[in-house]
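Numbering (full-length UniProt numbering), first residue to last: 1 to 669.
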Amino acid sequence: MHKLWFGMPLLGLSLAFPTSYANTDDMVLDTLVITGTRTERKLLDVPVRTEVISRESIEQSHARDLSEALRLHPGVLLKDIHGKNGTEVWIQGLNSDRVLVLLNGRPISASTGSTVDLTQIATADVERIEIVKGALSALYGSSAMGGVVNVITREPQGPASYELQIDTGSFGDKKLEGDGVLGRRHVNASASRVGSHYKASLMADIRDSDGYDLDPDTYSFDGGRGSKLNVVAEISYLPTDRSTFTYSTSWYDEDTDRNFSTFAPGQGDIEKLDIEQATRFNQTLSWEHQFGEGKNLKGFILSEKFSDITEQDVVLTPVVDQRRIAEIDTLQAELQFDWPISESQMLTMGAVGIKRQLEQRQERSAASEIIQIDEITPGAEQDNIELFFQNDIFVGDRWELVPGLRYQNDSDFGSHLAPKINVLYTPVFAPKLNPRVRFGIGSGYRVPNLKERFYLFDHSSNGYVVLGNTSLKPESSESIQASFEMSLNESTRAEIALFHNRFEDLISTSLDAESSDSQQLQVYRYDNISSARTQGFDVSVVHKLGEQWKLDAAYTLLDAEDLETGLSLTQRPEHQINLGVERKFSDLGSSLNLKAGWQSEQFVDQENETRSPAYTVVDIKYTQPAGKHLTWFAGIENLLDEHLEPSSGGSDLRPKEGRFVYAGLRYKH
């Protein structure tokens with residue numbers, strides 16, 4: 001506990017003197033948000049603490065995908081996905097398996113069977129990103145123990161609008177040998193049209209990279225080369241001003257590769273090529289009808305097919321050494337009804353049905369034949385029926401209570417109830433400072449996913465296998481969140497948020513000693529092996545100096561402990577600091593943004609004997625209008641060129657990507 005409360009005196013100072021500054025993405029406190037309660041509420045008055053990254057912030061950061069939009073956001077950790085090119089999000093010390101990533105409130109397939117790759121989600125059509133930390137909302141299911149990241153897309157603009165963006169950049173001396181100077185390219189085009197009874201939009205976004213190499217003296221390189229394509233189309237029919245029917249479809253295509261090598265006794269380093277081809281096809285039919293007097297009914301039916309093909313090809317052999325095919329099919333239907341049962345109560349209730357199927361097989365070359373291995377037991381599927389209830393109760397002018405309950409019935413794990421309650425209190429003192437106190441307590445629950453239960457990863461040629469476990473129990477958690485914020489005329493905003501999460505039956509892989517001895521190789525098996533606790537606080541202040549300057553800063557303390565051993569959980573830095581300066585040039589209409597983030601050391605191994613170094617990342621972004629419709633922009637990401645040491649052997653968790661310099665043009669009409 002001494003770790004958690006050591007920083008409290010500093011915290012008090014930062015709130016007492018609003019001349020210190022914190023990172024807040026949007027000073028407009030009347031922004032409408034939906035994630036915390038599933039009904040539109042002003043950000044200032046939402047009872048569930050919600051953080052927002054606005055469209056303006058996304059454009060000023062020049063973010064191409066969701067990972068870049070979340071880059072340097074306070075209290076959020078971005079990690080490389082193990083074994084593939086991609087990025088995952090961690091919140092309050094909870095890894096990505098326990099953070100729910102949504103697109104307009106709808107799930108996104110996990111590219112690894114359990115983790116959503118943020119680089120697969122383009123931000124060109126994103127209006128805002130809403131973040132709810134902790135297991136506080138009763139309206140989301142079993143993957144939201146650590147929190148929710150909800151990506152809200154833009155409504156079509158009318159009567160007609162068009163947008164085109166082109167940008168390109170260089171990794172400098174880390175570009176791959178023989179490639180051109182401009183090692184990364186990005187093109188986005190979108191159009192929308194609005195009529196009296198319809199709205200339609202179309203967006204295409206392609207991100208192409210030649211990769212990068214931190215050590216040109218080796219065969220392996222670090223950044224994958226290839227392309228990622230998003231195409232999204234949506235059309236809405238509005239028969240009346242109270243009803244909307246929408247059909248949307250999206251296509252994602254990824255084709256990337258990377259050189260790597262493995263060491264084999266007696267042979268030395270074996271040069272290989274890692275190839276990944278991923279596709280996602282999504283179709284969604286949604287509807288909404290307003291009955292009047294605040295009653296509202298909405299729902300959707302979603303079908304999604306995700307395919308991921310990876311190959312490990314030994315360069316000197318004529319055949320593909322190893323090929324892995326993973327296919328995830330998701331079918332989901334959801335219905336929600338909002339009913340104001342009195343002037344002071346809003347009841348929200350709904351039902352969710354989910355069906356998931358996962359198939360994964362491996363094709364391996366052996367002599368003159370191809371051996372097929374089912375890595376996921378054939379026919380592996382999971383069915384869920386979920387019901388949720390929430391009552392938003394106003395008690396006088398100062399109090400708002402939001403009790404909620406979620407019921408889940410899983411085809412394999414039976415029924416479970418997860419209660420939660422949130423409280424918003426508006427103090428009577430200092431009304432000009434808009435004080436708000438929020439408190440929430442809730443239980444989280446996560447059933448083992450299909451990969452954890454049915455996985456068979458056979459790497460016996462390298463001395464190990466990883467096995468699923470059909471006897472796994474669901475994980476459970478208790479989450480407590482409390483916050484206090486003040487704001488003054490949208491010029492200054494200060495907030496402190498404390499959190500405490502406790503988890504039981506966490507699922508992880510452990511060495512099966514008995515099986516390892518009998519099979520003469522290392523056998524790892526998914527198991528419920530640990531109880532853990534994460535706790536800490538976020539403190540942030542943002543301050544505007546007139547119309548030209550905005551300064552912000554944030555500090556996060558995280559105490560993450562394995563309660564079985566008393567040791568710190570791995571890959572979780574104890575301290576994070578974020579700083580930002582924005583300078584607007586009113587005569588030019590331009591803006592200059594400087595962002596910096598620092599993370600402390602973090603343990604790499606469970607024994608807490610090896611630490612990854614602390615590091616600092618600095619980004620500079622400049623945006624300049626050039627007429628009514630045209631804007632040019634430029635920037636430097638990772639100005640200090642802080643990156644991992646290639647020879648670290650996995651013990652260096654600093655960023656893989658070094659300094660990147662870029663420029664681009666954006667046309668809007």
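Every residue gets a Cβ at the ideal spot worked out from N, C-alpha and C, and that includes glycine.
The residue from L653, D562 and G627 with its alpha-carbon nearest to that of V604 is L653. Counting the other CB atoms within 10 Å of its CB gives G396 a total below 16, which places it among the exposed residues. Put simply, of G664, Q535 and Y237 the residue whose alpha carbon is nearest the alpha carbon of G169 is G664. Closest by C-alpha distance to V148, out of I108, T426, K174 and Q312, is I108. By the criterion of a C-beta distance shorter than 7 Å, K473 is surrounded in its chain by D505 and N528, once the five residues flanking it on both sides are discounted. Between S192 and Q548, the alpha-carbon positions lie close to 33 Å from each other. Counting C-beta pairs with one atom in each stretch, the stretch 435–451 and the stretch 376–383 have three or more that are closer than 8 Å, which means they touch.
Beta-bridge analysis with DSSP links N434 to no other residue. Boundaries of the beta strand (DSSP E) harbouring K295: K295 to V314, taken from the DSSP string. If you look at L66, you'll find it in the alpha helix (DSSP H) that goes L66 to A69.
Taking C-alpha positions only, L136 is separated from R364 by approximately 45 Å.
The three-state secondary structure of I58, taken from DSSP, is helix. Note: F245 is bridge-paired with Y237 and W287 in the DSSP secondary-structure output. Non-local beta-carbon contacts of R525 in its own chain, meaning distances under 6 Å to residues more than five positions away in sequence, involve L467, N469 and D512 in chain order. Per DSSP, the continuous alpha helix (DSSP H) segment holding K451 begins and ends at L450 to F454. Around the beta-carbon of D308, 16 or more other beta-carbon atoms lie within 10 Å, marking it buried. For S648, there is no enclosing beta strand (DSSP E), as DSSP marks it with neither H nor E.
Of the residues assessed, L316 falls on the exposed side of the cut-off, its CB having fewer than 16 other CB atoms within 10 angstroms. The DSSP-derived three-state label of S250 is strand.
Taking C-beta atoms as the reference points, L118 and L70 count as a pair closer than 9 Å. Restricting attention to A494, P625, R502 and V437, the CA atom closest to the CA of L563 is found in R502. Distance from I81 to T115 at the Cβ level is roughly 6 Å; contact confirmed, criterion being Cβ atoms closer than 8 Å. The three-state secondary structure of Q332, taken from DSSP, is strand. In the displayed model, A380 falls within coil according to three-state DSSP, outside both helix and strand. Taking a 10 Å sphere around the C-beta of T50, we find 16 or more other C-beta atoms and assign the residue as buried. Sorting Y662, P431 and V187 by C-alpha distance to the C-alpha of Q165 places V187 at the top. In terms of Cα proximity to I421, the closest of L44, R38, V48 and T31 is V48. Within the DSSP bridge table, the entry for Y622 names L592 and A634 as partners. Distance check between S161 and each of A200, N578, E495 and L347 places A200 closest, using alpha-carbon atoms only. Per DSSP, D117 lies in no beta strand (DSSP E) and is assigned neither H nor E.
DSSP places D517 inside the alpha helix (DSSP H), whose first and last residues are A513 to Q519. C-alpha of K305 to C-alpha of Q382: approximately 15 Å in a straight line. Distance from the CA atom of E490 to the CA atom of Q336, rounded to whole angstroms, is 34 Å. In the same chain as Q277, and ignoring 5 residues on each side of it, the C-beta atoms closer than 6 Å to its own belong to D255 and I309, in chain order.
V539 is positioned such that its CB atom lies no closer than 9 Å to that of D552.
Between L358 and I328, the C-beta gap is smaller than 9 Å, which places the two residues in contact.
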